[in-house]
Structure formats: C-alpha cells, structure tokens
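In what follows, a single structure is set out as structure tokens and then discussed.
In our numbering, the protein residues as written are 1 to 297.
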C-alpha cells in the first residue's frame, strides 16, 4: 500500500483550462496483414487521433490535468480492399484529485470490429444518423468513457453520455454490422450500454462514485478515510454479483480495479484482507491464484 500512496501523493499539476475533453491515442496494428501498404494504417491512426482529440464531446470545461486519458488499439486481422476486420482494445484512466496518479476506469476488448475505410474518406460523425461503423464505434466508446468518468465525479453524473451511447447503438440496429444487437452476444456493445442504462445496476454506478470521489480522491489528505470508504463499498459489488451474475458492467469494473485494490489493501489487517479476497474472488474466480497474495502478508 505504501507504494500506492506514494503515487497518490505526488504533486498536483498546473491548473489550466482546456476545451477538449480527451487525451486520446489511437493505434492501428497491421502486423497480421502481409502485402499491403502499411502507410494507410499509420495514417488512419493519426487521423482518428486528431478527430477524437479535436471534437467537442461535451459542453463542460476541463482543466489540463482533467482531460480523460484513453487509448484505442485497432488490430487488423484481415483486409480485403477497403473492408477490414479485427478487434479493438479500449482503455481509459481517470485522474485522481491532487495527484499525478491515474486510476483505470475502463478496459474492454471488442472482438467483433469490422469497418470500411478508404484514404479519401472524410472522418465525420453525426449523432443523428448511422453512416459509418468505424465512426459509430469510436463515438460509442467515447460516450461510454465519458459516462463512466462523469459518474465517478458526481452520483450518476454520466447519464447523459450513456444515453448518447445508447442512441448510437439504437441507430446501428438497422445495420448488419456485428456488436450492436442483443442476440449476438452478452458481452458486446449492446450488452455494455444496456447494463449501464439498467436501473437494477444503479448501485454499481453509486459504488463507482463513492470509490473514486469519496475514496481515491480523499486519499491525498486522509488516507485511512479514503480507504475505509472503498472497503465499505466492496460488499455491494458482491451483492450485485449475486443479483445479476455474469454482469459485463460489474466484470469490467472488477477487472479494471483488481490490481489497484490489491495494492491498496496489502498492508491492511488480516481480517480486512480476507474479506477483500473473498469479495474479489467471487467477482473474478479465474484470478483467485493472483488474489491469494492478499492473504500472504
């Protein structure tokens, strides 16, 4: 835990206002593709990065250190003309108040990502129409990330952005592109946004707020108070897991926080560490071996 709080207590950055919300990096990996012009992939990554960072996604003003750090890694597995197939890894971190530490807030691998792209294409997004799977997927995940970020600063503060992501998914229902329909998978885009909009999982959004705003953000000045707040909220995750097993939203939260929670509680009492272990192994049974380090101190 000492190393964790060293990161939390690093000096704060200069407060400068920025109109842009995102500090986004998009990489296109074409290592699996042979005999094609690699420049098109580099260009696509650069153009998408520019689009994501220059577009206004909200009406909020962000300080420089508040810009949302995120990365999109597009891995191309097949290419035929202007049609591409592969997967998309999306990650995002949230800054912690009064520190240079960032906490993971979203980490998801979209296994069904197909799109059409030509170098002459204009990269545009219109939230009222479904024109491009590439741009709709990008905008969908931006709004999910914004929703999670705003939820972490105010209770259910991200509702507006989850609604926007839901609207994007609704417009995509008329397409044949994978990842948008309920019957295709319980771990696709449709499933993700359906859960964030599900009132039965409202408590998960409350936990996110208390974990981040009342827990992590308090640790800079009041370490034990912040950690206690996080400890008090962990049982709610176990309760949600019993009520809605196999929840993708709950799984994503637990996976993104596992290493952080392990670090945070490594110097806690034996009883606390045992309780944290029991909760986290219930949420992430495949990680039980790694989580056992909580019991070995």
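C-beta: ideal position from N, C-alpha, C; glycine also.
By the neighbour-count definition (other C-beta atoms within 10 Å, threshold 16), residue 103 is a buried residue.
Separation of residue 35 and residue 85 (C-alpha to C-alpha, rounded to the nearest whole angstrom) is 16 Å.
For residue 72, the enclosing beta strand (DSSP E) stretches over residues 68-80. If you draw a straight line from the Cα of residue 206 to the Cα of residue 157, it comes to about 10 Å. Taking the C-beta atoms as reference points, residue 144 is found no nearer than 8 Å to residue 57. Listed in chain order, the beta strand (DSSP E) runs fully inside the region 17-42 are 22-29, counting runs of at least 3 residues. The continuous beta strand (DSSP E) containing residue 88 extends over residues 83-95.
A direct Cα-to-Cα measurement between residue 124 and residue 226 gives close to 42 Å.
Apart from sequence neighbours up to five positions away, the residues of its chain that approach residue 129 with a beta-carbon distance below 8 Å are 171, ordered along the chain. Note on geometry: alpha-carbon atoms of residue 165 and residue 134 lie some 14 Å from one another. Between residue 169 and residue 196, the C-beta gap is not smaller than 8 Å, which leaves the two residues out of contact. Residue state for residue 244 is assigned as coil, using DSSP reduced to three classes. Check the Cα spacing between residue 105 and each of 176, 119 and 146: the tightest is with 146. DSSP lists 88 as the bridge partner or partners of residue 110. Annotation note: the region 165-233 contains the following uninterrupted alpha helix (DSSP H) runs of length 4 or greater, listed N- to C-terminal: 189-196 and 202-209. Between the region 172-190 and the region 226-235 there are fewer than three C-beta pairs closer than 8 Å, too few to call the two in contact.
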